[in-house]
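A.B. asks: Each residue of the sequence shown is one higher than the last, beginning at 428 in our numbering.
Virtual Cβ for every residue (Gly too), placed ideally from N, Cα, C.
As the structure is a prediction and not an experimental result, all values here were calculated from the model.
After the structure tokens below, expect a handful of questions from me.
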Amino acid sequence: MSGAKNAVSSERRVRVSAGTAVVLGLSSARVDARPTTAYLMTGVEDGCLYDCAFCARARSAKGRSDALSRVTWPEWPEDEVFARLVRAHDDEVLKRACFQVVRTKDYIDDICRRVRLLASYGELSVCVSANLRSSAEVARLLEVGVDRVSIPIDAASPAVYARVKGGSWHGTLELLRECARKFPGRITTHIIIGLGESEEDAVSLIGSLTDEGIMTALFAFTPVRGTRLEGAKPPDITSYRKIQAARYLLDRGLVRVSQMTFVDGVLTDFGLDRATLLEVLADGEAFRTSGCPDCNRPYYNERPGGVIYNYPEPLTEAQREEALAQLAGGLSR
Ligand code: SF4
């Protein structure tokens, strides 16, 4: 289904990532990789009620109002964005839309209204990523037509969560589990690597979430000016490659966490011999952006020309060799 003739009129605006604006024909900026999912952001003007130490939208952050992670988010009329989105989807340029929802007082009503409005333009797979409070909120989103919901846990351990997000890691984990039981195959979470967790924390969490049917999306911590963590370092690339590889193996059921070896929190053995491991990882898929289907988040964590943590497109032979060499540097055998 396509076209805007049945669409409800709206004078509101919505932010889209700079790369999304290019794909939608709203901007002619040059991009090195095009997003295959459209990324939209809502609630920025009201400011987030939370105060995550890594986030440019946090209560205490002093960054620019149109930035999140490394990405800038110009604002456009909602009607125009939604009409273009559906056209791009019909042309198979975009596979889905993902709303990144800043936690404001009326965030659920606002995002439900936007998803209904988008649906009035045509069919499109929609994700919502938000710090939701209950499975009832997830149910509301699914009822208005959202395909997948992400509740970002972000931190891989209770101590990191308390330090960078505040509140209860166990509470968020329990909410994710409850939602996965109630809405199987519809729940995703984000995990940021490089916030002070150990490799064992990250891999153990990914393993248990995977077992419970929760899709995991890895992000590399990215210091953003104006945030509490603006002076912290991004993760070591060898460590990141190991966690990507572990996630890939766990996601495909090729190995279990109980078969892996950790020494003082460091992953030293994947439970596969080196030749088998390198063969399984040879196509480079493990090092691509992870998460919901068709989510490639180009340059979300990377500077063009800098270290590529998550490859937004299939890896070239040179990139595969480099990623495997980075991983091999962290293997004990
Ligand atoms: S994994 Fe990608 S598409 Fe899914 S919720 Fe996260 S950012 Fe959105």
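May I ask you to check if the CB of Ser468 is nearer than 8 Å to at least one heavy atom of the ligand SF4?
C.D. replies: This sequence places Met at residue 468; Ser is not what is there. Not under cutoff, so the answer is no.
A.B. asks: Taking the DSSP output, what are the residues bridged to Asp696?
C.D. replies: Thr688
A.B. asks: Given that a residue counts as buried once 16 or more other Cβ atoms are within 10 Å of its Cβ, and exposed if not, what is Val690?
C.D. replies: exposed
A.B. asks: According to DSSP, is Asp536 part of a helix, a strand, or is it coil?
C.D. replies: helix
A.B. asks: What does a CB cutoff of less than 6 Å around Leu761 pick up in its chain, not counting 5 residues either side in sequence?
C.D. replies: The question about residue 761 has no answer here: the residues shown for the chain are numbered 428 through 760.
A.B. asks: What number of angstroms, rounded off, separates the C-alpha of Glu712 from the C-alpha of Leu742?
C.D. replies: Take the alpha-carbon of Glu712 and the one of Leu742: they are about 8 Å apart.
A.B. asks: Does the Cβ-Cβ distance between Ala647 and Asn737 come in under 9 Å?
C.D. replies: yes
A.B. asks: What distance in whole Å lies between the Cβ atoms of Gly640 and Pro611, which are believed to be in contact at a cut-off of 8 Å?
C.D. replies: 6 Å
A.B. asks: How big is the Cα-Cα spacing for Glu605 and Ala456?
C.D. replies: 42 Å
A.B. asks: Assign Glu729 to one of two classes, buried (16 or more other C-beta atoms within 10 Å of its C-beta) or exposed (fewer than that).
C.D. replies: buried
A.B. asks: Buried or exposed for His597, going by 16 or more other Cβ atoms inside 10 Å?
C.D. replies: exposed
A.B. asks: Going residue by residue through the stretch 493-522, where are the continuous beta strand (DSSP E) segments of at least 3 residues, counting only ones entirely within it?
C.D. replies: Taken in chain order, the complete beta strand (DSSP E) segments of 3 residues or longer contained in the stretch 493-522 are 502-504.
A.B. asks: Using 10 angstroms around the beta-carbon of Ala510, count the other beta-carbons present and answer buried if the total reaches 16, otherwise exposed.
C.D. replies: buried
A.B. asks: Return the CA-CA distance between Thr716 and Pro504, expressed in angstroms with no decimal places.
C.D. replies: 29 Å
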